[in-house]
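All the letters of the sequence shown, read from the start, carry residue numbers 296 to 525 under the numbering used here. Below is one structure, written out as structure tokens; the observations come after it.
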Amino acid sequence: MDAGTPATAQQPAGVPGVDVPDARGRTGLDQTGRDLSGNPRVRVADVRLLSSNWHVFRANTLEYQRADGVWETQHRETYDRGNGATILLYSVAQRTVLLARQFRYPAYVNGHPDGNLIEAAAGLLDDDDPLTAIRREAREETGHEIGEVSPVFEAYMSPGSVTEKLFFFAAPYSPDTRADAGGGLADEGEEIELLEIDFDEALDRIGVDIIDAKTIMLLQWAALRGPFAR
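In structure tokens, the structure reads:
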């Protein structure tokens with residue numbers, strides 16, 4: 296394959312999210328990735344916007360140089376829902392964690408019996424920094440106005456197709472941090488049931504009814520290096 300830069304395909308005029316605003320007022324969504332230069336073995340040849348109803352779905356054409364020096368064309372789709380944050384609320388005194396159960400349609404349609412998953416509080420950053428976002432989400436979902444928050448780590452959760460990076464946090468909770476009933480935002484379709492679970496029981500339920508990846512990661516961190524490490 297010629298190592299020169301290939302011609303770039305053009306999307307038709309009047310595409311929401313490209314040259315006219317989409318439902319969220321965005322344009323230029325087909326430009327993301329075109330200026331990447333950190334990896335000399337990767338050249339972004341084309342980006343096509345497939346959907347931007349809420350999150351952004353793109354079809355990307357890359358030139359990738361293999362280890363033997365040969366350049367090949369690859370096609371990758373990316374789903375951009377923005378970055379997010381999650382937090383494990385824990386009580387050392389009670390040896391408990393505060394989790395939430397809510398309906399997740401993607402899990403339901405992919406074989407989960409009822410779609411109700413047990414999870415740590417989490418949400419998208421939107422336009423906030425990670426710490427501000429996770430304080431907001433913790434209050435909305437659990438009703439707790441948390442104090443000191445500890446950063447735990449950052450991780451890409453499904454890097455084969457989803458661009459999201461998740462920021463992991465932990466914070467103590469107690470009756471003193473309870474500000475309201477929580478339960479999520481009804482106008483966003485949230486209906487969240489709070490679950491206060493003994494920490495050792497939560498560990499035992501990993502792979503049984505605690506099958507959400509971010510929650511498993513936080514529970515294992517808490518046992519190995521966090522507040523319940525022995």
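Note that the Cβ used here is the ideal one computed from N, Cα and C, for glycine as well.
- The beta-carbon distance between Asp-325 and Val-313, rounded to whole angstroms, is 5 Å. This is short enough to meet the 8 Å contact definition.
- Counting along the chain, no alpha helix (DSSP H) covers Leu-331, and no H or E run does either.
- Contact between Phe-448 and Pro-425 does not hold, since the beta-carbon distance rounds to 12 Å and is not under 8 Å.
- DSSP places Asp-499 within a helical segment (H, G or I) once states are collapsed to three.
- DSSP places Gln-515 within a helical segment (H, G or I) once states are collapsed to three.
- In the three-state reduction of the DSSP assignment, Asp-475 falls in the coil class.
- It is roughly 44 Å from the alpha-carbon of Leu-384 to the alpha-carbon of Ala-340.
- C-alpha of Met-452 to C-alpha of Asp-475: approximately 31 Å in a straight line.
- With respect to Gln-360, Pro-401 sits apart: the two C-beta atoms are not nearer than 9 Å.
- In the structure shown, Glu-436 adopts helical secondary structure according to DSSP, grouped into three states.
- Shortest Cα-Cα distance from Pro-454 to any of Leu-490, Glu-372, Ala-497 involves Glu-372.
- In this structure, the straight-line span from the alpha carbon of Arg-338 to that of Asp-421 is close to 29 Å.
- Phe-523 and Asp-423 have their C-alpha atoms spaced approximately 30 Å apart.
- Contact check between the stretch 503-516 and the stretch 427-442: fewer than three CB pairs, one atom from each, fall below 8 Å, which does not count as touching.
- Here DSSP, grouped into helix, strand and coil, assigns Tyr-400 to helix.
- Its Cα nearest to that of Gly-521, the residue Val-444 stands out among Ile-487, Val-457, Val-444.
- Here Thr-510 carries a helix assignment [DSSP, helix/strand/coil].
- When the alpha-carbon of Ile-382 is set against those of Ile-505, Ala-415, Arg-343, Lys-460, the nearest one is in Ala-415.
- Following the DSSP letters along the chain, one finds Glu-491 inside the beta strand (DSSP E) bounded by residues 488-493.
- Selection Arg-500, Ala-417, Gln-397 evaluated against Asp-409 yields Gln-397 as nearest (Cα-Cα).
- Within the stretch 359-394, the complete beta strand (DSSP E) segments of 3 residues or longer fall at 366-375, 379-386, listed in chain order.
- With distances taken between CA atoms, Gly-323 lies nearest to Ser-346 out of Ser-332, Ser-346, Gly-333.
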